[in-house]
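Numbered according to this note's numbering, the sequence shown spans residues 3 to 341. Every residue, glycine too, gets a C-beta built ideally from N, C-alpha and C. Quantities reported herein were computed from a predicted structural model and do not represent experimental measurements. Below: the structure, in structure tokens.
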Amino acid sequence: MTDDDLIQTAKQLVGEFKTSDDCVAGGVAAALISASGHVYTGVCVDTACSLGFCAEHAAIAEMLKARESEIDTIVAVCGSGIVPPCGRCRELIRQINATNIRTRVIIGPRRVVTLPELLPFRFAADGRSDREPARVTRSVGRRGFVNEWVFVDVRTQDADFIDKLAELSFDAFREHAPDWLPTLDAARQEVRESLEQGRRSLALLDTAQEPIGWAGVIPHSGGRVWEIHPIAVRTADQGKGYGRLLVEQVERLAQSRGVLTLFVGTSDETGATSLYGVNLYENPLSALATLSCRKSHTCEFWLRVGFRIVGVMPDEEGLGKPGIHFAKPVHRKAAPGEA
Ligand SMILES: CC(C)(COP(=O)(O)OP(=O)(O)OC[C@H]1O[C@@H](n2cnc3c(N)ncnc32)[C@H](O)[C@@H]1OP(=O)(O)O)[C@@H](O)C(=O)NCCC(=O)NCCS
């Protein structure tokens with residue numbers, strides 16, 4: 003379900019109606035999509051002596067009935083417009099599940115923010131007035147580094163941030179795919195394209211709010227397949243586990259959206275693999291079965307993070323420069339007829 007679909011779902015419910023001389027309802031309607039991909043809705047209630055609750059509260063209560071509490075995206079509409087949640091609803095979203103600091107809140111047409119942007123100083127029962135403490139996730143990196151990071155939705159960031167992602171990508175791809183992003187402008191264009199309707203991009207930030215890496219997704223086949231494109235980690239931080247983190251975050255997102263397959267294409271423009279400079283039309287399957295890397299190549303990254311080779315596109319990046327295709331299941335149950 004896209005953001006526009008979610009807005010439409012809320013719009014279908016909005017419309018004030020009177021239930022008694024003391025009560026009106028339905029002036030605001032809300033719709034949310036939970037981490038599992040289910041949609042829950044609610045309408046507001048207002049009574050004569052200030053009783054009642056917001057539409058977001060009603061939608062959240064509906065979600066809790068299904069024993070869910072993690073919200074991926076939420077929106078409320080009033081008339082034909084979108085309304086940001088009130089302060090009480092912001093706290094409610096945060097307090098029902100700590101991971102909701104990642105909740106995307108639609109606050110206007112094409113305007114999405116994450117909860118910490120609406121709630122920079124959350125309520126803390128023990129008196130701590132920490133600023134966005136939960137935005138930063140602390141983990142011990144697999145090589146013993148202590149990493150602190152947070153994911154943000156790239157759509158909610160400004161032009162400066164987009165420039166930073168462009169610079170990061172330009173540097174990161176220089177060695178592996180120099181023809182693909184030949185200039186900083188090409189990299190900027192790539193970031194902008196990743197923000198187009200229907201696509202989604204997330205960035206990983208360090209404690210100074212600087213991007214460590216980012217990944218975009220392009221849905222295909224009615225949303226059953228998500229292509230990861232592009233993905234880049236800043237050169238100084240490659241090999242520290244951040245690429246894996248980005249892929250894991252994309253997988254979580256894909257899972258919540260009912261995606262079946264993640265797909266990625268990586269090219270060999272530099273002769274790093276045994277598929278370079280080969281006429282792949284002669285025997286593509288045997289070339290794939292015996293694929294090896296002569297020097298460091300992202301093929302190994304994709305295999306390490308659980309992807310499998312599913313194909314090759316001869317000459318995709320020029321004569322003898324193939325595109326190598328990888329996929330990974332997100333939801334994999336036995337298909338009909340499968341042993
Ligand atoms: C590809 C990229 C996103 C990987 O991110 P990263 O943070 O460097 O990768 P990680 O540290 O998370 O690596 C995960 C695993 O893959 C391995 N790996 C990563 N890149 C590798 C490479 N080029 N060659 C061999 N192994 C690699 C790591 O050793 C690690 O192995 P482990 O499971 O034994 O720990 C990053 O290197 C990058 O931005 N490269 C330039 C841009 C690019 O090529 N993007 C991908 C286009 S398809």
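Distance from Leu248 to Gly215 at the Cβ level is roughly 5 Å; contact confirmed, criterion being Cβ atoms closer than 8 Å. Annotation: Cys88 is outside any beta strand (DSSP E) and is labelled neither H nor E by DSSP.
Taking a contact to require three or more Cβ pairs closer than 8 Å, the stretch 281–288 and the stretch 255–273 do not qualify as touching. Around the beta carbon of Gly44, 16 or more other beta carbons sit within 10 angstroms, so the residue counts as buried. Counting only runs of 3 or more residues that sit fully inside the stretch 213–280, the beta strand (DSSP E) segments are 213–222, 227–235, 263–269, in chain order. Of the residues Ile95, Phe19, Leu120, Val219, the one whose Cα lies closest to the Cα of Glu229 is Val219.
In this structure, DSSP gives Cys301 a helical state, which the three-state scheme calls helix. Partner residues in the beta bridge of Ala329, as assigned by DSSP, are Phe265, Arg310. In the DSSP assignment, Asp160 falls outside any alpha helix (DSSP H), carrying neither H nor E.
The residue from Gln14, Gly54, Gly200, Thr275 with its alpha-carbon nearest to that of Cys295 is Thr275.
Residue pairing by DSSP places Thr49 opposite Cys25 in a beta bridge. Between Leu170 and Pro213, the C-beta gap is smaller than 8 Å, which places the two residues in contact.
Out of Arg96, Val114, Ala161, Lys323, the CA that lies nearest to the CA of Leu121 is found in Arg96. Counting along the chain, the unbroken alpha helix (DSSP H) around Ser288 starts and ends at 286–291. Scanning its chain for C-beta atoms nearer than 6 Å, with the 5 sequence neighbours on each side dropped, one finds around Val312 the residues His327, Ala329, in chain order. Taking the Cβ of Thr300 as the reference point, at least one heavy atom of ligand 1 falls within a distance shorter than 7 Å. A distance criterion of 7 Å places the beta-carbon of Phe125 beyond contact range of ligand 1, judged by its closest non-hydrogen atom. Pro316 and Glu70 have their C-alpha atoms roughly 46 Å apart.
Ligand 1 never approaches Ile220 closely enough for any of its heavy atoms to be under 7 Å from the residue's Cβ. Boundaries of the beta strand (DSSP E) harbouring Leu206: 202–207, taken from the DSSP string. For Gly260, same chain residues with a beta-carbon under 6 Å away, outside a window of 5 residues either side, are Gly39 in chain order. One alpha carbon belongs to Ala50, the other to Glu119, and they sit about 33 Å apart. Not one heavy atom of ligand 1 is found less than 7 Å from the C-beta of His327.
At the C-beta level, Arg246 and Val156 stay beyond 8 Å of one another.
Proximity to Gly200 across Lys297, Ala37, Leu305, Pro221 peaks at Pro221, based on C-alpha coordinates.
Per DSSP, the unbroken beta strand (DSSP E) holding Ala78 starts and ends at 73–80. For Pro324, the shortest C-beta to heavy atom distance toward ligand 1 is 7 Å or greater. Here His333 is exposed, its C-beta having fewer than 16 other C-beta atoms within 10 Å.
In the structure shown, Met315 adopts extended strand secondary structure according to DSSP, grouped into three states. Boundaries of the beta strand (DSSP E) harbouring Val114: 113–116, taken from the DSSP string.
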